[in-house]
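Engineer: Dumping the structure here so I can ask a few things about it.
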Amino acid sequence: MESLLPSASPVRFVAEDGTPVDRHHGYAEPAGERLKEAYRLMVLGRRFDVQATALTKQGRLAVYPSSAGQEACQVAAALTLQDNDWLFPTYRDSVALIARGLKPGEVLTLLRGDAHCGYDPAETRVAPQCTPLATQTLHAAGLAHAMQRRGEDAVALALIGDGATSEGDFHEALNFAAVFKAPAVFFVQNNRYAISVPFEKQSAAEALAYKGVGYGMRAEQVDGNDAVAVLAVLDDAVKHAREGKGPVLVEAHTYRIDAHTNADDATRYREAEEVAKWREADPLKRLEAYLGDALSEHEIELCHAEAEEFAQTVRDTLNAEPELDPMSLFDHVYAEPTRQLEAQRAALKAELEA
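Numbering (the numbering used here), first residue to last: 7 to 360.
Here it is, written out as structure tokens:
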């Protein structure tokens with residue numbers, strides 16, 4: 007039982023000011039080059055997030071759920087996976103998809119309202135971004151079990167918000183994965199709020215990671231604003247799952263700096279002082295300070311220049327008017343269309359032709 011319990015305090019390598027701390031709990035520090043790549047992707051992700059937020063104000067996106075402040079979690083989730091592994095994201099995980107290598111137009115198709123998914127999940131090994139809470143956990147558990155039965159050397163990693171842990175789907179997925187020892191990692195980004203509901207009103211548990219023991223599942227908790235620690239813990243969790251030792255539940259303690267979406271007024275349920283305190287724990291500044299001389303000024307400038315060029319690509323992509331085919335609504339509903347669907351298709355076709 008003890009082997010399933012998370013560390014008594016969140017795993018941490020780096021303090022808020024960038025200085026090293028010894029709360030590793032036995033985890034190995036990732037190599038310096040991987041940390042520099044994490045920094046590059048976090049700079050890119052931060053700029054993408056700012057640009058996408060601006061595009062909502064210009065009417066180019068219908069909605070955008072910012073992940074500002076959660077870049078360490080987003081980037082680490084992408085970096086820890088191999089090409090043949092699967093990522094199951096939520097609507098807030100656009101930066102993870104960018105870090106995984108998807109193009110901005112593909113990622114933002116859902117949030118623009120053009121289609122439910124703008125990329126090929128089978129080709130990218132990235133499931134469609136999921137808006138209903140926790141349903142992607144069931145998909146991840148099922149696919150992980152299927153890959154296991156087929157003898158594939160692959161892992162499914164599901165990204166989850168703290169609010170999703172209150173859903174029944176979350177518990178069913180964990181129970182199924184644990185019973186069948188499915189190669190899955192459930193990564194909870196506990197950003198303290200499920201829209202306006204604070205964590206304290208969602209769970210009486212000291213940490214969400216403790217929920218793993220109830221399913222006989224190994225669990226861990228980590229400082230979600232410490233990119234070094236998040237990468238170290240996720241590397242170990244994915245390795246554990248890949249080796250057939252069963253699924254892992256990881257909870258990252260982080261914070262959502264911006265509002266739930268552009269349609270939300272976060273000042274109605276949290277104080278400015280609280281947000282300011284978490285800004286001091288900025289994962290990007292923390293990693294930059296920790297890398298110190300290993301990251302030259304020239305390298306930092308190159309990262310920011312790349313991010314600005316990428317932001318221009320995002321603007322150009324979203325400013326172009328999409329060419330949409332209304333008939334495509336019927337393309338991916340059923341493998342064999344039903345009579346009702348065929349009738350609806352015919353009615354729309356007739357209306358368009360008229």
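Where is the CB? At the ideal position from N, CA and C, for every residue including glycine.
Contact defined as beta carbons within less than 8 Å: I believe residue 91 pairs with residue 160. What is the distance between those atoms, to the nearest angstrom?
Structural biologist: Residue mapping note: residue 91 aligns to position 85 of the sequence shown, counting from 1. Residue mapping note: residue 160 aligns to position 154 of the sequence shown, counting from 1. With 8 Å as the limit, residue 91 and residue 160 qualify as a contact, their Cβ atoms being about 5 Å apart.
Engineer: Alpha carbon to alpha carbon, how far is residue 192 from residue 317?
Structural biologist: As a position in the sequence shown, residue 192 is number 186, starting the count at 1. As a position in the sequence shown, residue 317 is number 311, starting the count at 1. Computed Cα separation, rounded: 31 Å.
Engineer: Any idea which residues DSSP pairs residue 92 with across the strands?
Structural biologist: Position 86 of the sequence shown holds residue 92. Paired residues: 162.
Engineer: Report the rounded CA-to-CA distance for residue 226 versus residue 14, giving the unit in angstroms.
Structural biologist: What you label residue 226 is simply residue 220 of the sequence shown in a count that begins at 1. What you label residue 14 is simply residue 8 of the sequence shown in a count that begins at 1. The alpha-carbon atoms of residue 226 and residue 14 are separated by roughly 9 Å.
Engineer: For residue 266, which residues from the same chain have a beta carbon less than 8 Å from its beta carbon, with the 5 sequence-adjacent residues on both sides left out?
Structural biologist: Translated into the one-based positions of the sequence shown, residue 266 becomes position 260. Result list for residue 266: 71, 199, 201, 202 and 272, in chain order.
Engineer: Just to confirm, is the Cβ distance from residue 221 to residue 162 under 7 Å?
Structural biologist: Taking the sequence shown and counting its residues from 1, one reaches residue 221 at position 215. Taking the sequence shown and counting its residues from 1, one reaches residue 162 at position 156. Not in contact: residue 221 and residue 162 (Cβ atoms no closer than 7 Å).
Engineer: Do the CB positions of residue 94 and residue 142 come within less than 7 Å of each other?
Structural biologist: Indexing the sequence shown from 1 puts residue 94 at position 88. Indexing the sequence shown from 1 puts residue 142 at position 136. Yes, these two residues count as a Cβ contact at 7 Å.
Engineer: Which first and last residues belong to the beta strand (DSSP E) in which residue 193 is found?
Structural biologist: The residue you call residue 193 lines up with position 187 of the sequence shown. Looking at the DSSP string, the run of the beta strand (DSSP E) that includes residue 193 is 190 to 196.
Engineer: Quick one: any contact between the region 308 to 328 and the region 54 to 62, if contact means 3 or more CB pairs under 8 Å?
Structural biologist: Output reads yes: the region 54 to 62 touches the region 308 to 328.
Engineer: Which of helix, strand or coil does DSSP assign to residue 28?
Structural biologist: By one-based count along the sequence shown, residue 28 stands at place 22. The answer is strand: DSSP assigns residue 28 an E or B state.
Engineer: Would you mind sorting residue 122 into buried or exposed? The rule is 16 or more other CB atoms within 10 Å of its CB.
Structural biologist: Position 116 of the sequence shown, counting from 1, holds the residue named residue 122. It counts as exposed.
Engineer: To which residues of the same chain is residue 27 closer than 6 Å at the C-beta, ignoring the five residues directly before and after it?
Structural biologist: Stepping through the sequence shown from its first residue, residue 27 is reached at position 21. Taken in chain order, the residues that qualify are 18 and 21.
Engineer: Would you list, in sequence order, the uninterrupted beta strand (DSSP E) runs of no fewer than 3 residues that lie entirely inside the region 118 to 182?
Structural biologist: Whole beta strand (DSSP E) segments, 3+ residues: 162 to 167.
Engineer: Cutting at 6 Å between CB atoms, please list the residues of its own chain near residue 295, excluding the five before and the five after it.
Structural biologist: As a position in the sequence shown, residue 295 is number 289, starting the count at 1. Closer than 6 Å at Cβ, skipping near neighbours: 24.
Engineer: Please report the straight-line C-alpha distance between residue 46 and residue 154, rounded to a whole angstrom.
Structural biologist: Taking the first residue of the sequence shown as position 1, residue 46 is located at position 40. Taking the first residue of the sequence shown as position 1, residue 154 is located at position 148. Taking the straight line joining both Cα atoms gives about 34 Å.
Engineer: List the residues that DSSP assigns as beta-bridge partners of residue 259.
Structural biologist: Start at 1 with the first residue of the sequence shown, and residue 259 comes out as number 253. Bridge partners of residue 259: 196 and 229.
Engineer: Rounded to whole angstroms, how far is the Cβ of residue 77 from the Cβ of residue 51, which I believe are closer than 8 Å?
Structural biologist: In the sequence shown, residue 77 corresponds to position 71, counting from 1. In the sequence shown, residue 51 corresponds to position 45, counting from 1. Confirmed, about 5 Å.
Engineer: Relative to the alpha-carbon of residue 145, which residue among 120, 125, 119 and 177 has its alpha-carbon at the smallest distance?
Structural biologist: In the sequence shown, residue 145 corresponds to position 139, counting from 1. It is 177.
Engineer: Using the beta-carbon count (16 or more within 10 Å), is residue 247 buried or exposed?
Structural biologist: Within the sequence shown, residue 247 is the residue found at index 241, counting from 1. By the neighbour-count rule (16 or more Cβ atoms within 10 Å), residue 247 is buried.
Engineer: Would you give the residue range spanned by the beta strand (DSSP E) that residue 20 belongs to?
Structural biologist: Walking along the sequence shown from the start, residue 20 turns up at place 14. Start and end: 18 to 20.
Engineer: Please classify residue 62: is it buried, with 16 or more other beta-carbons within 10 angstroms of its beta-carbon, or exposed?
Structural biologist: Stepping through the sequence shown from its first residue, residue 62 is reached at position 56. The residue in question, residue 62, is buried, as its Cβ has 16 or more Cβ neighbours within 10 Å.
Engineer: Quick one: grab the DSSP three-state call for residue 219.
Structural biologist: Position 213 of the sequence shown holds residue 219. Residue state, collapsed to three classes: helix.
Engineer: Quick one: using the 10 Å Cβ neighbour count with 16 as the cut-off for buried, is residue 259 buried or exposed?
Structural biologist: Taking the sequence shown and counting its residues from 1, one reaches residue 259 at position 253. When all chains shown are included, residue 259 counts as buried.
Engineer: State yes or no: is the C-beta of residue 275 within less than 7 Å of the C-beta of residue 197?
Structural biologist: As a first step, residue 275 is located in the sequence shown; it is residue number 269 there, counting from the start. As a first step, residue 197 is located in the sequence shown; it is residue number 191 there, counting from the start. Contact: no.
Engineer: Please report the straight-line C-alpha distance between residue 73 and residue 99, rounded to a whole angstrom.
Structural biologist: Counting from 1 along the sequence shown, the entry for residue 73 is found at position 67. Counting from 1 along the sequence shown, the entry for residue 99 is found at position 93. Cα-Cα distance, rounded: 7 Å.
Engineer: Once DSSP output is grouped into helix, strand and coil, what is the label at residue 254?
Structural biologist: In the sequence shown, residue 254 corresponds to position 248, counting from 1. Three-state result, residue 254: strand.
Engineer: Do residue 339 and residue 347 count as a contact pair if the criterion is CB distance below 7 Å?
Structural biologist: Translated into positions along the sequence shown, residue 347 becomes position 341. Translated into positions along the sequence shown, residue 339 becomes position 333. For residue 347 and residue 339, yes; Cβs fall inside 7 Å.
Engineer: In the DSSP output, which residue or residues are listed as bridge partners for residue 49?
Structural biologist: Along the sequence shown, read from residue 1 onward, the residue named residue 49 stands at position 43. Looking at the DSSP assignment, residue 49 forms no beta bridge with any residue, so it has no partner.
Engineer: Kindly identify the DSSP beta-bridge partner or partners of residue 321.
Structural biologist: Indexing the sequence shown from 1 puts residue 321 at position 315. For residue 321, which the question treats as bridged, DSSP gives no partner whatsoever.
Engineer: Can you find the residues in the same chain that come closer than 7 Å, C-beta to C-beta, to residue 68, ignoring five residues on each side of it along the sequence?
Structural biologist: By 1-based counting over the sequence shown, the position of residue 68 is 62. Excluding positions up to five away in sequence, the list reads 117, 118 and 119.
Engineer: Where does the unbroken alpha helix (DSSP H) through residue 296 begin, and where does it stop?
Structural biologist: What you label residue 296 is simply residue 290 of the sequence shown in a count that begins at 1. Per DSSP, residue 296 belongs to the alpha helix (DSSP H) from 289 to 297.
Engineer: Between residue 171 and residue 207, which are expected to be in contact by the criterion C-beta below 8 Å, what is the C-beta distance as a whole number of angstroms?
Structural biologist: By one-based count along the sequence shown, residue 171 stands at place 165. By one-based count along the sequence shown, residue 207 stands at place 201. The pair is not a contact, with the Cβ atoms about 13 Å apart (cut-off 8 Å).
Engineer: Following the continuous alpha helix (DSSP H) through residue 106, name the residue where it begins and the one where it ends.
Structural biologist: The residue you call residue 106 lines up with position 100 of the sequence shown. 100 to 106 is the span of the alpha helix (DSSP H), which, as asked, contains residue 106.
Engineer: With a CB to CB cut of under 6 Å and the five nearest residues on each side skipped, what residues in its chain are close to residue 150?
Structural biologist: Here residue 150 corresponds to residue number 144 of the sequence shown, with the count starting at 1. Result list for residue 150: 162, 188, 189 and 190, in chain order.
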